[in-house]
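J.:
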Amino acid sequence: MAHMIKEKSRLMARVRRLKGQIEAIERGLEAEVGCADILQLVASVRGAFNGLTVELIEDHIRNHVVAAKNNEERSAGADELIDVVRSYLK
Numbered sequence: 360m361a362h363m364i365k366e367k368s369r370l371m372a373r374v375r376r377l378k379g380q381i382e383a384i385e386r387g388l389e390a391e392v393g394c395a396d397i398l399q400l401v402a403s404v405r406g407a408f409n410g411l412t413v414e415l416i417e418d419h420i421r422n423h424v425v426a427a428k429n430n431e432e433r434s435a436g437a438d439e440l441i442d443v444v445r446s447y448l449k
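As structure tokens, this is what we get:
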């Protein structure tokens with residue numbers, strides 16, 4: 360997982376932004392902000408979450424499939440990715 364350490368600060372920044380966006384939804388609901396405004400916040404969270412997901416999938420493909428040391432590791436990396444994508448798309 361050394362590749363994750365290199366990307367840690369960038370990934371953590373994305374997670375912190377997501378956390379802030381979710382907190383904004385909570386504040387909006389508490390303040391009884393209009394539906395359209397809440398929906399806009401939810402759409403923003405969805406976009407940020409999808410961006411994080413794409414980045415993680417790309418890193419996994421590059422580091423555990425393309426750059427695998429042998430066919431066994433490549434197959435394991437592909438199988439892990441397939442399992443995650445299947446659960447994500449349910």
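In this text, residue positions in the sequence shown follow my numbering: the first is 360, and each later residue adds one. Note that beta-carbon positions come from the ideal geometry of N, C-alpha and C, so glycine has one too.
Would you mind reading off the limits of the alpha helix (DSSP H) that contains H423?
T.: Segment: none, H423 is in no alpha helix (DSSP H) and carries neither H nor E.
J.: Does the Cβ of L398 have 16 or more other Cβ atoms within 10 Å, making it buried, or fewer, making it exposed?
T.: exposed
J.: Measuring alpha carbon to alpha carbon, tell me which of L448, Y447, H419 and S446 ends up nearest S434.
T.: Minimum Cα-Cα distance from S434 among the listed residues L448, Y447, H419 and S446 corresponds to H419.
J.: Jot down the residue ranges of each uninterrupted beta strand (DSSP E) in the region 374 to 404, minimum 3 residues, whole runs only, in chain order.
T.: Counting only runs of 3+ residues, no beta strand (DSSP E) is found wholly inside the region 374 to 404.
J.: Grab me the residues of A383's own chain with a C-beta within less than 8 Å of its C-beta, minus the 5 sequence neighbours each way, in chain order.
T.: L400
J.: Kindly list the residues whose CB is nearer than 7 Å to the CB of G387, restricted to its own chain and excluding five residues on each side of it in sequence; keep chain order.
T.: D396, I397 and L400
J.: Which value, in whole angstroms, describes the spacing of the CA atoms of G406 and D442?
T.: 22 Å
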